[in-house]
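Trainee: In this note's numbering, the protein residues as written are 131 to 399.
We put the beta carbon where it would ideally sit given N, CA and C, even for glycine.
From a predicted model like this one, the values you see are computed outputs, not experimental measurements.
If you scroll down you'll find the structure; I have some questions about it.
If you want it as structure tokens, here you go:
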């Protein structure tokens with residue numbers, strides 16, 4: 131489990147107490163097409179921050195975000211998986227084979243963290259590439275379709291390799307499970323991390339955050355940078371961060387995070 135996810139409940143309560151969360155925005159980046167996440171205007175980032183992170187705070191923030199990205203790609207339970215249904219291509223195929231109506235209830239139009247073994251790499255209508263993944267029926271292999279295909283990556287895929295994707299369930303056609311708007315998990319994670327970083331910049335500029343995750347990440351990063359010893363190796367050697375941050379996280383209390391959140395809110399008024 132990712133370090134951030136472990137504390138998501140406490141951080142949520144703390145931020146609600148002080149009214150720091152912006153709430154769900156129907157036009158939020160989180161609700162747009164997966165492949166349009168990077169289109170947001172970033173002009174707010176060009177202005178001077180009301181609060182600039184120091185080197186120690188930046189070090190901790192970067193470590194936590196990098197860890198989230200790496201664990202997400204590996205299929206571990208992380209903050210980035212929030213809102214995604216974690217499932218394998220074989221599980222989806224079996225569900226549609228057993229009961230298509232029931233499977234639609236679970237997966238249709240839902241965002242999925244999908245893992246599967248590549249059975250074939252295909253070129254469809256208009257030479258649009260798609261992948262067939264392993265399923266419960268070799269003649270009805272689940273199909274992964276991309277909105278904006280990463281041609282370079284797809285052209286180098288080998289049959290039998292295992293990949294993870296973030297997709298939208300698109301029902302089934304003649305029993306074949308279909309997925310649309312798919313992106314490779316690594317690409318999705320990089321985009322999400324970039325969005326969180328941009329949103330943290332908004333917060334530090336004094337603007338209202340759009341992503342709840344950005345405030346959570348920021349508050350816990352500020353707290354950890356504060357409690358780590360001045361001579362912590364993490365500040366000069368990020369390979370030492372895991373052990374030191376794990377130790378510091380054992381003593382996190384709600385009151386500590388509440389204090390950090392209040393201090394941050396005062397600084398960016």
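#1: Could you round the C-beta distance between residue 239 and residue 298 to whole angstroms and report it? I think they count as a contact, below 8 Å.
#2: Taking DSSP as the reference, what is the three-state secondary structure of residue 338?
#3: May I have the straight-line CA-CA distance separating residue 187 from residue 354, to the nearest angstrom?
#4: Tell me residue 259's beta-bridge partners as DSSP assigns them.
#5: Along the alpha helix (DSSP H) that carries residue 397, what are the first and last residues, could you check?
#6: Nearest CA to the CA of residue 341: which residue from 291, 199, 181, 212?
#7: Looking at residue 314: is its Cβ nearer than 8 Å to the Cβ of residue 280?
#8: Would you tell me roughly how many angstroms separate the C-alpha atoms of residue 387 and residue 287, rounded to the nearest one?
#9: Near residue 184, what residues of its chain come up, given a Cβ to Cβ distance below 6 Å and the 5 sequence neighbours on each side ignored?
#10: To the nearest angstrom, how far is it from the Cα of residue 292 to the Cα of residue 254?
#11: Any contact of the stretch 378 to 395 with the stretch 221 to 240, i.e. 3+ C-beta pairs under 8 Å?
#12: Which residue or residues does DSSP assign as beta-bridge partners of residue 273?
#13: Ends of the alpha helix (DSSP H) at residue 218?
Mentor: From the atom records:
#1: On the chain shown, residue 239 is found 109 positions in, with the first residue counted as 1. On the chain shown, residue 298 is found 168 positions in, with the first residue counted as 1. Correct: roughly 6 Å between the Cβ atoms.
#2: Taking the first residue of the chain shown as position 1, residue 338 is located at position 208. It is coil, neither helix nor strand.
#3: For this step, residue 187 is matched to residue 57 along the chain shown. For this step, residue 354 is matched to residue 224 along the chain shown. Cα to Cα, the separation comes out at about 8 Å.
#4: By one-based count along the chain shown, residue 259 stands at place 129. According to DSSP, residue pairing for residue 259 in a beta bridge involves 253.
#5: Here residue 397 is taken as the residue at index 267 of the chain shown, counted from 1. Residues 384 to 397.
#6: Residue 341 sits at position 211 when you count from the first residue of the chain shown. Out of 291, 199, 181, 212, 212 has the C-alpha closest to the C-alpha of residue 341.
#7: Position 184 of the chain shown holds residue 314. Position 150 of the chain shown holds residue 280. It is a contact, given that the beta carbons lie within the stated cut-off.
#8: As a first step, residue 387 must be located in the chain shown, where it is residue number 257. As a first step, residue 287 must be located in the chain shown, where it is residue number 157. Spanning the two alpha carbons is a distance of roughly 45 Å.
#9: Here residue 184 refers to the residue found at position 54 of the chain shown. Excluding residues within five positions, none has a Cβ falling inside 6 Å.
#10: Translated into positions along the chain shown, residue 292 becomes position 162. Translated into positions along the chain shown, residue 254 becomes position 124. Rounded to whole angstroms, residue 292 to residue 254 spans 21 Å at the Cα level.
#11: No, the stretch 378 to 395 is not in contact with the stretch 221 to 240.
#12: What you label residue 273 is simply residue 143 of the chain shown in a count that begins at 1. For residue 273, the pairing in a beta bridge is given by DSSP as 262, 308.
#13: The residue given as residue 218 occupies position 88 in the chain shown. Secondary structure note for residue 218: it is in no alpha helix (DSSP H), and the uninterrupted beta strand (DSSP E) holding it is 215 to 218.
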